[in-house]
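Everything in the sequence shown is counted per this note's numbering, starting at 37 for the first residue and increasing by one. Glycine included, each C-beta is placed from N, C-alpha and C at the ideal position.
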Amino acid sequence: QLLRELRDTVKGQQRQVEEAKAEAERHKEEAMAANRRIKELEEAVARDEAMVREAEQRIEDGVAEAKKREIKLGQEKVQAEEEAKTEKLKVQKLTEELSNTFEHWHKTEDELS
37 QLLRELRDTV
47 KGQQRQVEEA
57 KAEAERHKEE
67 AMAANRRIKE
77 LEEAVARDEA
87 MVREAEQRIE
97 DGVAEAKKRE
107 IKLGQEKVQA
117 EEEAKTEKLK
127 VQKLTEELSN
137 TFEHWHKTED
147 ELS
């Protein structure tokens, strides 16, 4: 009787040990899966951070390029304004010369008359 009770107790304890081992194995597998997921997330974060850095660099490059274009357009505007002034002066000079030519022509015509 006592021997049977001891065997039942030992069998019960062995069953508990096996269940504990199985539960420990499940926990181990869950921990490994969690660690894999953490690693995947860390890699995703690293990729996203790299994309953000690249986007920021493209923005900075775009701003720098826009500033260069703005400066160039400003220079072209100044140059065009200077050319317009020069052309205006040429037109004024030609207009004066033409006026003088007509005046001279009319005087000559009057003198010939």
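Rounded C-alpha distance that separates residue i from residue j
i    : j    : result
E147 : T122 : 37 Å
A116 : R94  : 32 Å
G48  : E61  : 20 Å
S149 : V127 : 32 Å
K141 : E133 : For the sequence presented, residue 141 should be read as Trp rather than Lys. Each residue's alpha carbon lies about 12 Å from the other.
E106 : G98  : 12 Å
K129 : F138 : 14 Å
K58  : D44  : In the sequence under discussion, the amino acid at residue 58 is Ala, which differs from the Lys named in the question. Each residue's Cα considered, the two are about 21 Å apart.
K113 : K103 : 15 Å
A86  : E96  : 15 Å
E90  : E65  : 37 Å
A82  : A56  : 38 Å
request  = Counting only runs of 3+ residues fully inside the stretch 81-126, write out the beta strand (DSSP E) ranges in chain order.
outcome  = Runs of the beta strand (DSSP E) spanning 3 or more residues and lying entirely within the stretch 81-126 do not occur at all.
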